[in-house]
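For the sequence shown, counting from 1, position 41 maps to 152 in this note's numbering; every step adds exactly one. In what follows, a structure is listed as structure tokens, so that the remarks can point back to it.
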Amino acid sequence: MYAQAVQENIEEGFYPDRKFDSITLYKRLEALFVLLSQLTSAEMVQLSKEIVVKS
């Protein structure tokens, strides 16, 4: 669940045509770090595998 939310946040954040003000960017980064801190080790391994595959 958290891994999916993190992935959606990452995907949403990479549209270069969108303009983010610093407050919005800060809040998105903060939310992302909160989600990452709540991942279990198994979810972290799965997420890292998905990131490697997509890179």
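Note that beta-carbon positions come from the ideal geometry of N, C-alpha and C, so glycine has one too.
Inter-residue spacing [alpha-carbon to alpha-carbon] between residue i and residue j
i	j	result
M155	A142	16 Å
V145	V163	22 Å
K138	Q157	25 Å
L150	L140	16 Å
K160	S148	17 Å
Q115	T135	21 Å
Any non-hydrogen atom of the ligand SAM within 6 Å of residue i CB
i	result
V145	Ligands are entirely absent from the displayed structure, and the ligand SAM is therefore not among its contents.
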